[in-house]
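As structure tokens, the structure follows; a few thoughts come after it.
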Amino acid sequence: MEEKKNEVKKIIPSRLETGLQKFLYRTIGVHIPQSVTPNQVTLLGALGGLVGIICAFLARINSLFLIGTIIGLCCHLICDDLDGYVARSRNMTSLAGGYFDLLTDILHITYLIIALAVSGFVSFPIAICLVPVYALLMFTAMNYIMYLKEFLFPRLGPIETHMVFVIVCIGSMICGKESVLAVLGIGLKFADIVFLLGGIPMYYEMIRLQIQLYSRLRRKDYENKQQ
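No gaps in the numbering here: position 194 of the sequence shown is 231 in my numbering, and each next residue is one more.
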């Protein structure tokens, strides 16, 4: 009974994310050796993400290094879904594992944005505005887990985020570092446009989830006081 009480409920509003997870579980998850732990899968995804970040930095020399970034993104996304599958299907879930998973997500996206900015594919003002968004989403997710026992994915989840980065990499290899559009006299690169279009709904989702969390925690405080 106590185990059921402490179980974390997973909520995934994104149909894309749900569909991808079911596909990965059927095609890859069932073949993962029993000796492999969830943290090892998370670490593999983190290493793939690290390779992608390094390639994004190297893209300053040649934009074709962004192919390595795309491969790193795919590796990180796949492992990010499979580590939870391994943990749940083998009864190996842990607070430390959940923390490790969310931490690697934050570090991966944050440093990938920085690497693309340093390489010149993203303007620094836009990169600065984007860097905190994913970290705040993951911070909010951690608090949902700790206080409400819910692992709540945002409506724009990991798969949508990774798809945006893949589009940025492909478009940047084609369009380069030059401005492709001017708005109010400000030149925007291809990646700037994509990140602006994707960043607005991400900001909205981040603020929505934080307001919702704060409201539910206040309600929970009130209910606890009434008991």
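Built from N, CA and C at the ideal position, the CB exists for glycine as well.
Report task. Since I believe Cys206 is in contact with Leu103 (beta carbons under 8 Å), could you give me their beta-carbon distance rounded to a whole number of angstroms? Result -> Numbered from its first residue, the sequence shown carries residue 103 at position 66. Numbered from its first residue, the sequence shown carries residue 206 at position 169. Contact flag correct, Cβ pair sits at about 4 Å.
Report task. Check whether the Cβ atoms of Pro238 and Leu193 sit closer than 8 Å, and answer yes or no. Result -> Translated into the one-based positions of the sequence shown, residue 238 becomes position 201. Translated into the one-based positions of the sequence shown, residue 193 becomes position 156. It is a contact, given that the beta carbons lie within the stated cut-off.
Query - Outcome for Glu39 when other beta-carbon atoms lying within 10 angstroms are tallied against a minimum of 16 - result: Position 2 of the sequence shown, counted from the start, is the residue given in the question as residue 39. Model confidence at Glu39 stands at a pLDDT of 42, short of 50, so the residue's coordinates are unreliable; what they give is reported in the following sentence. Classification of Glu39: exposed, given that the 10 Å Cβ count is below 16.
Query raised in the report: Does the count of Cβ pairs from the segment 115-129 and the segment 200-219 closer than 8 Å reach three?
Result: no
Query - Expected contact under 8 Å - CB spacing of Ile143 and Met175 to nearest Å - result: The count along the sequence shown starts at 1 and reaches residue 143 at position 106. The count along the sequence shown starts at 1 and reaches residue 175 at position 138. Confirmed, Cβ separation roughly 5 Å.
Query raised in the report: Can you check whether the CB of Phe202 is closer than 8 Å to the CB of Leu101?
Result: Indexing the sequence shown from 1 puts residue 101 at position 64. Indexing the sequence shown from 1 puts residue 202 at position 165. The answer is no: Cβ separation not under 8 Å.
**Report entry** For Leu84, the first and last residue of its enclosing alpha helix (DSSP H)
**Finding:** If you number the sequence shown from 1, residue 84 lands on position 47. Taken as a continuous stretch (DSSP letters only), the alpha helix (DSSP H) holding Leu84 covers 75-95.
Query raised in the report: So what does DSSP say about Glu39, is it helix, strand or coil?
Result: Here residue 39 refers to the residue found at position 2 of the sequence shown. For Glu39, the predicted model reports a pLDDT of 42, less than 50, meaning its position is unreliable; a value from the coordinates is still stated below. If DSSP states are grouped into helix, strand and coil, Glu39 belongs with the helices.
Query raised in the report: With which residues is Glu187 paired in a DSSP beta bridge?
Result: Residue numbering aside, residue 187 sits at position 150 when the sequence shown is read from its first letter. Glu187 pairs with Lys46.
**Report entry** Sequence-distant residues of its chain with Cβ nearer than 8 Å to Tyr29 (five each side left out)
**Finding:** Residue 29 lies beyond the stretch modelled for the chain, which goes from 38 to 264, so this question has no answer here.
Report task. Entirely within the segment 126-197 and at least 3 residues each: give me those beta strand (DSSP E) ranges in chain order. Result -> 187-189
Report task. Using the DSSP secondary-structure output, state which residues sit across from Ala219 in a beta bridge. Result -> As a first step, residue 219 must be located in the sequence shown, where it is residue number 182. Answer by DSSP bridge pairing, in chain order: Gly224.
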